[in-house]
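**Student:**
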Amino acid sequence: MSIRGVEINIHGLGYRYSTRGNPTFSNLRLQAQRGEALAIIGRSGCGKSTLLHIIAGLNRPTEGTIEFDGKKVDGPSSRWVMMFQAPHLYPWMKVSQNVGVGLKFAGWPEKEKAERVDEALRLVELQDYADVSVQDLSGGQQQRVALARSLVMEPELLLLDEPFSALDAFTRSSLQRDVRSIAKKLGFNLIIVTHDIDEAVLMADRAVIMAGAPGKIMDEIDIGLADPRQRQDPAVQSMRSRLMEAFHTAAQVAGGAGSGAAAEVDTDTESVSQHA
Amino acid sequence: MSENATSGAASAAAGVTGGAGARFALAASKGAVNFVLGLAILAVLWGIGGYMIATNPKTANFAGFGLIPTLQSFPELWTMGKLQSATYASGFRLGSGMLIAILIGVPVGILMGRVTWFRKLSNSPFQLLRMISPLSWMPIAVLVFSSWDGSIVFLVAFASVWPVIYQTAAGLSKVDPAWFKVARNLGATPFQMLTQIILPAISFDIFTGIRLALGVAWVVLVPAELLGVTSGLGYAIKDARETLSYDHLTAMVLTIGIIGYALDTICAMLIKRFSWHRGDA
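Right, dumping it as structure tokens:
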């Protein structure tokens with residue numbers, strides 16, 4: 002597989018769910034370099050998932066534009082693929098059929114499709130499960146199939162909407178490491194929306210902190226850690242603390258600006274949640 | 002990737018298949034025993050009733066209703082060609098009516114399941130029409146269609162379209178909306194969305210609707226054939242009654258039951274074949 006990333010330029014992006022409603026966010030600006038991994042973190046309701054859906058072309062912005070390599074994004078495409086919180090596999094299909102469904106939509110010949118599917122299954126280490134029903138897989142294996150289904154399209158950008166939040170800690174940790182390593186190996190961009198500060202530190206090159214209602218980008222922090230990243234590594238711990246502090250500051254500033262809410266850190270799950 | 006102990010996946014799958022095969026064989030043999038035993042009980046009760054009718058001087062003229070005369074009349078009906086021609090005529094009307102019901106019912110059901118305004122708009126007229134007894138349309142159908150066959154096909158289609166529509170719509174309302182989002186994200190065209198995602202996702206519900214519709218259609222077909230036409234199983238029953246051939250009459254009634262049961266079994270097998278829901282098999 003040969004994949005290249007994209008340069009992403011987001012200008013003055015705004016979105017509101019209804020014409021009379023308050024904007025979810027407005028005038029967002031964001032750039033990413035080719036092959037860069039971005040983590041968007043922020044409390045619930047700040048619009049980060051909506052932003053991800055708009056970048057994927059699944060929702061249309063009410064203002065502003067998104068450009069990949071200078072070309073405006075105006076709908077979904079197999080060049081930018083999204084992975085959701087749940088794998089959402091098609092239960093009437095086998096593993097290989099699920100992985101190859103996007104290629105089938107694109108009208109690929111059967112032989113080339115099978116080769117590409119095999120390659121994607123090898124990347125996620127599920128090559129022995131090609132003919133198994135997806136209903137027989139564990140949650141982690143299903144999420145790997147969803148990852149293979151995205152990778153098989155050779156996307157330039159992979160968008161992840163809290164993709165591992167429903168998984169157990171061991172599986173989550175293994176997938177976080179693998180997705181980053183595959184992205185770096187193949188060279189595509191990642192945009193991850195997450196509540197999990199550790200996930201942002203372990204997977205991203207840069208963290209974008211959103212807060213407020215309507216949502217704003219409050220801070221951007223370069224993570225700049227060497228790979229492979231280990232949770233226990235002091236540099237990772239230090240970056241985690243820095244992100245946490247930045248998150249609190251962003252929440253306070255946004256709260257002071259009128260959101261009237263306070264963020265709270267859940268130390269057990271190492272995630273950030275919002276208590277209104 | 003510690004969770005992927007991939008070695009042995011094939012052998013584990015083979016083990017699962019072997020266990021499932023044994024369970025299937027056991028369930029099939031139990032099913033066969035119940036099938037034969039249930040029919041044997043029915044035959045015994047019928048035989049006793051027929052014997053009582055035949056031995057009572059007051060009812061002896063109706064001895065043809067008994068099990069033995071009925072079974073004896075089958076070769077005669079077959080030789081005369083009555084059984085084949087009646088079955089063919091009824092089968093043609095049933096098949097035509099069901100085909101129309103499916104061709105209308107599945108797209109309308111998908112529209113109801115996918116398009117909110119259409120579902121809201123169609124609810125009251127569909128509920129009103131659904132509640133009208135199909136046979137009450139007979140006088141209008143006779144006026145509208147040039148042939149009795151056309152009228153009966155219309156009645157069968159009208160009676161059987163509702164289960165197909167509502168079951169299809171109900172199936173679609175249960176579908177995970179994220180499947181559509183994922184398909185759109187992977188570049189599915191509307192036609193691919195229909196053929197690759199929607200239809201496989203709701204195939205279980207469509208076949209369930211067809212199975213329900215078949216029961217309704219079969220129930221409507223026979224009384225519809227009692228009126229006007231000169232072919233079909235319903236007509237054969239009427240003809241047998243008028244010629245006092247009670248054994249032929251009961252043989253035709255039994256044929257209706259056998260064909261209906263066979264069609265229902267085929268539908269049940271199709272449901273099992275196309276179902277991806279665990280626990281339906």
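In order, the protein sequences belong to chains A and B.
Mapping to our numbering: the first sequence position 74 is 75, numbers consecutive.
Mapping to our numbering: the second sequence position 4 is 5, numbers consecutive.
Backbone N, C-alpha and C fix where the C-beta goes; we use that ideal spot for every residue, glycine too.
On a predicted model such as this, the values are computed, not experimentally measured, just so you know.
Expressed to the nearest angstrom, what Euclidean distance is found between the alpha-carbon atoms of L84/B and L100/B?
**Tutor:** Along the second sequence, one-based indexing puts residue 84/B at 83. Along the second sequence, one-based indexing puts residue 100/B at 99. Each residue's Cα considered, the two are about 23 Å apart.
**Student:** Could you tell me whether the Cβ of Q193/B comes closer than 8 Å to any Cβ of chain A?
**Tutor:** Locating residue 193/B in the second sequence gives position 192, counting from the first residue. Closer than 8 Å: yes.
**Student:** Terminal residues of the continuous beta strand (DSSP E) containing G46/A?
**Tutor:** If you number the first sequence from 1, residue 46/A lands on position 45. Unbroken run through G46/A: none, as it is neither H nor E.
**Student:** Applying a beta-carbon distance threshold of less than 7 Å, which residues of chain A neighbour R279/B?
**Tutor:** Translated into positions along the second sequence, residue 279/B becomes position 278. Neighbours of R279/B on chain A, chain order: Q136.
**Student:** W180/B touches chain A at which residues, Cβ-Cβ below 7 Å?
**Tutor:** Mapped onto the second sequence, residue 180/B falls at position 179. Within chain A, the residues near W180/B are H89, Y91.
**Student:** Answer yes or no: do M211/A and K49/A have a C-beta to C-beta separation smaller than 8 Å?
**Tutor:** The residue given as residue 211/A occupies position 210 in the first sequence. The residue given as residue 49/A occupies position 48 in the first sequence. Result yes, Cβ atoms of M211/A and K49/A sit closer than 8 Å.
**Student:** Would you be able to state if there are at least three C-beta pairs under 8 Å between the region 159 to 173 of chain B and the region 184 to 193 of chain B?
**Tutor:** no
**Student:** Can a CB atom of chain A be found closer than 8 Å to the CB of K273/B?
**Tutor:** One-based indexing of the second sequence puts residue 273/B at position 272. Chain A, which has no Cβ nearer than 8 Å to the Cβ of K273/B, makes this no.
**Student:** Taking 7 Å as the limit between beta carbons, can you name the residues of its chain near F275/B, skipping five residues before and five after?
**Tutor:** Within the second sequence, the letter at position 274 stands for residue 275/B. Here the set comprises S204, F205, F208.
**Student:** Assuming T88/B and I260/B are in contact, meaning their beta carbons sit under 8 Å apart, how far apart are those beta carbons, in whole angstroms?
**Tutor:** By 1-based counting over the second sequence, the position of residue 88/B is 87. By 1-based counting over the second sequence, the position of residue 260/B is 259. Rounded, the Cβ-Cβ distance is 7 Å, consistent with contact.
**Student:** Can you name the residues of chain A whose CB is closer than 7 Å to the CB of N186/B?
**Tutor:** Counted from its first residue, the second sequence places residue 186/B at position 185. Those are A57, L59, P77, V82, M83, listed as they occur along chain A.
**Student:** Nearest to W47/B by CA position, among L68/B, A64/B, T56/B, N124/B, is which residue?
**Tutor:** Indexing the second sequence from 1 puts residue 47/B at position 46. W47/B has its Cα closest to that of L68/B, out of L68/B, A64/B, T56/B, N124/B.
**Student:** Grouping DSSP H, G and I as helix and E and B as strand, with all else coil, what is K112/A?
**Tutor:** As a working mapping, residue 112/A is identified with position 111 in the first sequence. Three-state result, K112/A: helix.
**Student:** Which one or two residues does DSSP pair with N10/A in a beta bridge?
**Tutor:** Counted from its first residue, the first sequence places residue 10/A at position 9. Looking at the DSSP output, N10/A shares a beta bridge with Q32/A, E68/A.
**Student:** Looking at chain B, is there any beta carbon in it that lies within less than 8 Å of the beta carbon of M204/A?
**Tutor:** Against the first sequence, residue 204/A aligns to sequence position 203. Not one chain B Cβ lies under 8 Å of M204/A.
**Student:** Per DSSP, V279/A is paired with what?
**Tutor:** Since the first residue of chain A shown is 2 and the last is 277, residue 279/A is not available in this structure.
**Student:** Identify whether F146/B lies in helix, strand or coil by the three-state DSSP scheme.
**Tutor:** Mapped onto the second sequence, residue 146/B falls at position 145. Coil at F146/B, not helix or strand.
**Student:** Quick one: is F189/A near chain B, going by C-beta distance under 8 Å?
**Tutor:** Counting from one through the first sequence, the residue named residue 189/A turns up at place 188. Not an interface residue.
**Student:** Pull up the distance between the alpha-carbon of L159/A and that of S79/A, whole angstroms please.
**Tutor:** Taking the first sequence and counting its residues from 1, one reaches residue 159/A at position 158. Taking the first sequence and counting its residues from 1, one reaches residue 79/A at position 78. Straight-line Cα distance between these residues: approximately 10 Å.
**Student:** Give the secondary structure of T88/B by DSSP, where H, G and I count as helix, E and B as strand, and everything else as coil.
**Tutor:** In the second sequence, the residue the question calls residue 88/B occupies position 87. Helix at T88/B.
**Student:** Which value, in whole angstroms, describes the spacing of the CA atoms of L29/A and A57/A?
**Tutor:** By one-based count along the first sequence, residue 29/A stands at place 28. By one-based count along the first sequence, residue 57/A stands at place 56. Those two C-alpha atoms are separated by around 16 Å.
**Student:** Going by Cα to Cα distance, which pick from W219/B, L271/B, D240/B, L129/B is closest to S91/B?
**Tutor:** Along the second sequence, read from residue 1 onward, the residue named residue 91/B stands at position 90. The residue with the shortest Cα to Cα distance from S91/B is W219/B.
**Student:** Check the Cβ-Cβ distances between D177/B and every residue of chain A, and say whether any is below 8 Å.
**Tutor:** In the second sequence, the residue the question calls residue 177/B occupies position 176. It does; some Cβ of chain A falls within 8 Å.
**Student:** Can you give the Cα-Cα distance for V82/A and Y167/B, rounded to whole angstroms?
**Tutor:** In the first sequence, counting from the first residue as 1, residue 82/A sits at position 81. In the second sequence, counting from the first residue as 1, residue 167/B sits at position 166. Rounded to the nearest angstrom, the two C-alpha atoms are 35 Å apart.
**Student:** So what does DSSP say about S276/B, is it helix, strand or coil?
**Tutor:** Translated into the one-based positions of the second sequence, residue 276/B becomes position 275. Note: S276/B maps to coil in three-state DSSP.
**Student:** Would you mind sorting S260/A into buried or exposed? The rule is 16 or more other CB atoms within 10 Å of its CB.
**Tutor:** As a working mapping, residue 260/A is identified with position 259 in the first sequence. With a pLDDT of 44 at S260/A, under the threshold of 50, the modelled position of this residue cannot be trusted; read the value that follows with caution. So S260/A counts as buried.
**Student:** With 8 Å as the threshold, decide whether the Cβ of Q168/B is near any Cβ in chain A.
**Tutor:** In the second sequence, counting from the first residue as 1, residue 168/B sits at position 167. So, not an interface residue.
**Student:** Specify whether the region 60 to 74 of chain A and the region 221 to 241 of chain A touch according to this definition: at least 3 beta carbon pairs, one from each stretch, less than 8 Å apart.
**Tutor:** No contact exists between the region 60 to 74 of chain A and the region 221 to 241 of chain A.
**Student:** Within 10 Å of its beta-carbon, does F159/B have 16 or more other beta-carbons around it, so buried, or fewer, so exposed?
**Tutor:** As a first step, residue 159/B must be located in the second sequence, where it is residue number 158. Its Cβ being crowded by 16 or more others within 10 Å, F159/B is buried.
**Student:** Helix, strand or coil: how does DSSP classify S175/A here?
**Tutor:** Walking along the first sequence from the start, residue 175/A turns up at place 174. Looking at S175/A - three-state DSSP - the assignment turns out to be helix.
**Student:** Within the 8 Å Cβ cut-off, does A252/A reach chain B?
**Tutor:** Sequence index remark: in the first sequence, residue 252/A carries index 251 (1-based). So no, A252/A is outside the interface.
**Student:** Say whether chain B places a C-beta atom closer than 8 Å to the C-beta of A121/A.
**Tutor:** Translated into positions along the first sequence, residue 121/A becomes position 120. Taking 8 Å as the threshold, the shortest C-beta distance from A121/A to chain B does not fall below it.
**Student:** So with CB distances below 7 Å, who are the chain B contacts of A107/A?
**Tutor:** For the purposes of this step, residue 107/A is taken as residue 106 along the first sequence, with counting starting at 1. Under the 7 Å cutoff, chain B gives G188.
**Student:** What would DSSP say about I133/B, mapped onto helix, strand or coil?
**Tutor:** The sequence position of residue 133/B within the second sequence is 132, counting from 1. Three-state result, I133/B: coil.
**Student:** Exposed or buried, what is N1/B when buried is set at 16 or more other beta-carbons lying within 10 Å of its beta-carbon?
**Tutor:** An answer regarding residue 1/B cannot be provided, because it is not within the stretch 2 to 282 covered by chain B.
**Student:** Using the C-alpha atoms, what's the distance from A263/B back to L296/B?
**Tutor:** Outside the displayed range of chain B (2 to 282) lies residue 296/B, so it cannot be described from this structure.
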